[in-house]
Amino acid sequence: MNINFTLIAQAIAFAVLIWFTVKFVWPPLLTAIETRQKEIADGLAAASEGRSALEVAAKKSEITLNEAKQKASEIIGQAEKRGSQIVEDAKGAAKAEGERIIAGAKAEIEQEVNRAKEGLRSQVSTLAIAGAEKILRKEINASAHSEMLSKLAAEL
Amino acid sequence: MATEHASSAEHGLTPSSYIEHHLSFNAHPVSEGAGFWTLHVDTFVMSVALGFLVMGLIWLVARKATSGVPSKGQAFVELIFNFVDDQVKNIFHGNRHSFIAPTALTVFLWVFAMNSMDFLPVDWVAGIVSFFGGEHAKWRAVPTSDINTTFALALSVWILMIFFSVKVKGLGGFVHELFCAPFGSKIWVWPANFLFNLIEYVSKPLSHSLRLFGNMYAGEVIFLLLGLWAATGVSGTIFGAILGAGWSIFHILIVALQAFIFMMLTVVYLAMAHESH
Chain Y
89 MNINFTLIAQ AIAFAVLIWF TVKFVWPPLL TAIETRQKEI ADGLAAASEG RSALEVAAKK
149 SEITLNEAKQ KASEIIGQAE KRGSQIVEDA KGAAKAEGER IIAGAKAEIE QEVNRAKEGL
209 RSQVSTLAIA GAEKILRKEI NASAHSEMLS KLAAEL
Chain U
118 MATEHASSAE HGLTPSSYIE HHLSFNAHPV SEGAGFWTLH VDTFVMSVAL GFLVMGLIWL
178 VARKATSGVP SKGQAFVELI FNFVDDQVKN IFHGNRHSFI APTALTVFLW VFAMNSMDFL
238 PVDWVAGIVS FFGGEHAKWR AVPTSDINTT FALALSVWIL MIFFSVKVKG LGGFVHELFC
298 APFGSKIWVW PANFLFNLIE YVSKPLSHSL RLFGNMYAGE VIFLLLGLWA ATGVSGTIFG
358 AILGAGWSIF HILIVALQAF IFMMLTVVYL AMAHESH
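If you read the sequences in order, they're chains Y and U.
According to our numbering, the residues represented by the first sequence are 89 to 244, in order.
According to our numbering, the residues represented by the second sequence are 118 to 394, in order.
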């Protein structure tokens with residue numbers, strides 16, 4: 089039960105053990121555990137970050153989708169408008185063309201009529217002259233009265 | 118626990134000589150005059166072997182410690198590490214990783230291993246030793262039931278305590294605290310303060326060491342007393358063995374608890390040294 093040199097020997101052994109633990113045992117364990125804790129914390133942070141990024145992306149995609157839909161409907165509206173305009177234009181053009189054709193035809197007809205009238209007139213005058221000639225063969229000199237006769241024909 | 122004893126009873130052993138034999142140290146003088154210059158070889162060899170066994174095993178794991186998925190061995194070591202680290206964290210608020218926490222780990226594991234030697238059947242130890250060293254060879258297997266071991270630990274902690282106290286507060290601060298705490302700095306309470314601190318500084322290592330020593334020594338004595346049942350015959354041997362098994366199971370608690378208490382007191386004393394009043 090007495091205190092003796094064993095005390096000193098044990099104290100030295102204790103000091104050596106503490107030194108050993110401080111130097112070789114504690115640091116690698118601490119490093120490993122702290123590194124793992126950091127990795128786990130980083131992983132959790134990355135996961136929550138990813139979740140929020142996903143939310144943002146979902147919102148963004150929704151907005152883009154809506155924009156696209158709006159644009160598409162706009163384009164369709166424009167196209168419809170343009171289509172009807174084209175139809176209108178085509179109708180107008182067709183109408184104008186038709187009218188032009190009709191006008192042309194009318195003009196031609198009129199011309200034809202005039203020409204026929206002209207022909208008839210000249211023929212009538214010729215006939216009149218011929219009739220008059222036959223009637224007046226004896227008394228009228230054709231050359232002396234032709235001026236008066238053509239004037240008459242123009243009045244007809 | 119006592120089976121070997123039945124045969125040795127034939128040599129005319131009395132209960133007191135049996136107990137005395139088991140409680141004697143393998144003492145060797147290291148210098149001319151005996152007295153203080155004696156070494157308990159059994160205590161020293163067992164404690165050093167156990168210290169390097171447990172810390173070496175931990176070191177083998179710590180050396181290959183990975184921050185990835187730990188092996189089962191590493192998980193176990195980390196369990197102990199975190200247990201000690203948490204205890205220290207709650208008591209000491211400073212850079213615990215540089216000294217105090219590793220010290221606490223050393224104390225806990227070493228004391229636990231030394232206390233665990235109580236589970237070795239006392240007569241098996243005696244039998245093995247007498248087989249190699251003759252009938253009168255002595256061997257105490259439990260280093261912590263030697264007052265020298267517990268006192269060495271407590272004194273080392275005590276010296277560390279004073280070292281940290283001086284280191285943190287300076288020599289002036291340390292002396293100031295000796296005279297001015299806990300009752301105040303008025304000159305007429307200086308003697309009371311000093312007496313109070315003196316008692317505290319004396320009682321700390323004493324209670325620290327004697328608590329562990331007393332528990333382990335008493336545990337060993339109870340094993341020896343139960344071993345005495347073997348002297349009464351076969352039925353007594355069986356009865357003693359059953360009682361010994363019961364005491365062993367209860368002793369698991371004491372072994373772990375005393376190691377834990379010793380570690381906690383170490384941490385508390387060292388943490389107190391860092392606080393100024």
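Glycine is no exception: its CB is placed at the ideal position from the N, C-alpha and C atoms.
Kindly say whether residue i, judged by its beta-carbon, lies nearer than 7 Å to any beta-carbon of chain Y.
i: Leu329 of chain U; result: no
i: Leu270 of chain U; result: yes
i: Leu342 of chain U; result: no
i: Thr349 of chain U; result: no
i: Val162 of chain U; result: no
i: Ile175 of chain U; result: yes
i: Leu156 of chain U; result: yes
i: Phe153 of chain U; result: yes
i: His139 of chain U; result: no
i: Ser125 of chain U; result: Because the pLDDT of Ser125 of chain U is 45, which lies under 50, any placement of that residue in the model is unreliable, and the question is left without a value.
i: Phe379 of chain U; result: no
i: Thr120 of chain U; result: Annotation note: pLDDT 44 at Thr120 of chain U (below 50); position unreliable, coordinate value reported separately. Chain Y, which has no Cβ nearer than 7 Å to the Cβ of Thr120 of chain U, makes this no.
i: His214 of chain U; result: yes
i: Ser393 of chain U; result: no
i: Ala179 of chain U; result: yes
i: Ser133 of chain U; result: no
i: Ser273 of chain U; result: yes
i: Val306 of chain U; result: no
i: Phe198 of chain U; result: yes
i: Gln375 of chain U; result: no
i: Val165 of chain U; result: yes
Using a Cβ-Cβ distance cut-off of 7 Å, determine whether residue i contacts chain U.
i: Leu132 of chain Y; result: no
i: Gln158 of chain Y; result: no
i: Ala99 of chain Y; result: yes
i: Arg139 of chain Y; result: no
i: Val110 of chain Y; result: yes
i: Val144 of chain Y; result: no
i: Phe102 of chain Y; result: yes
Residue i touches chain U at which residues, Cβ-Cβ below 7 Å?
i: Ala120 of chain Y; result: Ala182, Thr183 and Ser184
i: Glu254 of chain Y; result: Only positions 89 to 244 of chain Y appear in the structure, and residue 254 of chain Y is not among them; the question remains open.
So with CB distances below 8 Å, who are the chain U contacts of residue i?
i: Leu105 of chain Y; result: Gly168, Phe169, Met172, Thr223 and Trp227
i: Ile91 of chain Y; result: Phe153, Ile264, Asn265 and Phe268
Tell me whether residue i is buried or exposed, calling it buried when 16 or more other Cβ atoms sit within 10 Å of its Cβ.
i: Leu105 of chain Y; result: buried
i: Gln166 of chain Y; result: exposed
i: Ser79 of chain Y; result: The structure shown does not extend to residue 79 of chain Y, since chain Y is modelled only from 89 through 244, so no value can be given for it.
i: Arg213 of chain U; result: buried
i: Ala230 of chain U; result: buried
i: Pro308 of chain U; result: exposed
i: Trp305 of chain U; result: exposed
i: Val165 of chain U; result: buried
i: Thr155 of chain U; result: buried
i: Ser320 of chain U; result: exposed
i: Thr349 of chain U; result: exposed
i: Ser233 of chain U; result: buried
i: Gly236 of chain Y; result: Looking at the sequence itself, residue 236 of chain Y is Met, so the reference to Gly does not match. Answer is exposed; the Cβ neighbour count stays below 16.
i: Ser134 of chain U; result: exposed
i: Phe300 of chain U; result: exposed
i: Glu121 of chain U; result: For Glu121 of chain U, the pLDDT reaches just 45, beneath the cut-off of 50, and the residue's location in the model is therefore unreliable, leaving the point undetermined.
i: Val205 of chain U; result: buried
i: Lys255 of chain U; result: buried
i: Phe268 of chain U; result: buried
i: Val274 of chain U; result: buried
i: His253 of chain U; result: exposed
May I ask whether a heavy atom of the ligand MN can be found less than 6 Å away from the beta carbon of residue i?
i: Ala103 of chain Y; result: With respect to small molecules bound, the structure shown includes none, and the ligand MN cannot be examined in it.
Which residues in chain U have a C-beta closer than 9 Å to the C-beta of residue i? List them in chain order.
i: Thr152 of chain Y; result: Correct list: empty, because the minimum Cβ distance to chain U is about 41 Å.
Since residue i meets chain Y, which of its residues come closer than 8 Å, beta carbon to beta carbon?
i: Ala218 of chain U; result: Trp114
i: Glu252 of chain U; result: Result: empty, since nearest Cβ-Cβ is about 24 Å, beyond 8 Å.
i: Val194 of chain U; result: Leu117
Answer yes or no: does any C-beta atom of chain B fall closer than 7 Å to that of residue i?
i: Val147 of chain U; result: Judged by its chain identifiers, the structure shown contains no chain B, and its protein chains are Y and U.
message: Measuring CB atoms only, is the stretch 356-376 of chain U touching the stretch 324-344 of chain U, in the sense that at least three cross pairs come out at less than 8 Å?
response: yes
- prompt: Would the stretch 212-223 of chain U and the stretch 99-112 of chain Y be scored as touching if the rule is three or more Cβ pairs under 8 Å?
  reply: yes
field: Inside the stretch 124-180 of chain U only - alpha helix (DSSP H) runs reaching at least 4 residues
entry: 132-139 and 158-180
field: Three-pair Cβ contact test at 8 Å for the stretch 253-267 of chain U versus the stretch 186-196 of chain U
entry: no
field: Complete alpha helix (DSSP H) runs within the stretch 209-288 of chain U (minimum length 4 residues, chain order)
entry: 217-233 and 239-250
task: Would you check if the stretch 330-338 of chain U and the stretch 226-246 of chain U touch, i.e. whether three or more CB-CB distances between them fall below 8 Å?
output: yes
- prompt: Does the pairing of the stretch 272-284 of chain U with the stretch 377-393 of chain U give three or more beta-carbon distances under 8 Å?
  reply: yes
- request: May I ask you to verify whether the stretch 92-105 of chain Y touches the stretch 153-165 of chain U, counting CB pairs closer than 8 Å and requiring at least 3?
  value: yes
- request: Entirely within the stretch 91-146 of chain Y and at least 4 residues each: give me those alpha helix (DSSP H) ranges in chain order.
  value: 94-108
task: Indicate whether the contact test is met: 3 or more Cβ pairs, each with one atom in the stretch 119-137 of chain Y and one in the stretch 288-307 of chain U, closer than 8 Å.
output: no
message: Please give me, in chain order, every unbroken run of the alpha helix (DSSP H) with length at least 4 that falls completely inside the stretch 300-359 of chain U.
response: 307-344
query: Could you give the uninterrupted runs of the beta strand (DSSP E) lying entirely in the stretch 178-205 of chain U, keeping only those of 3 residues or more?
result: none
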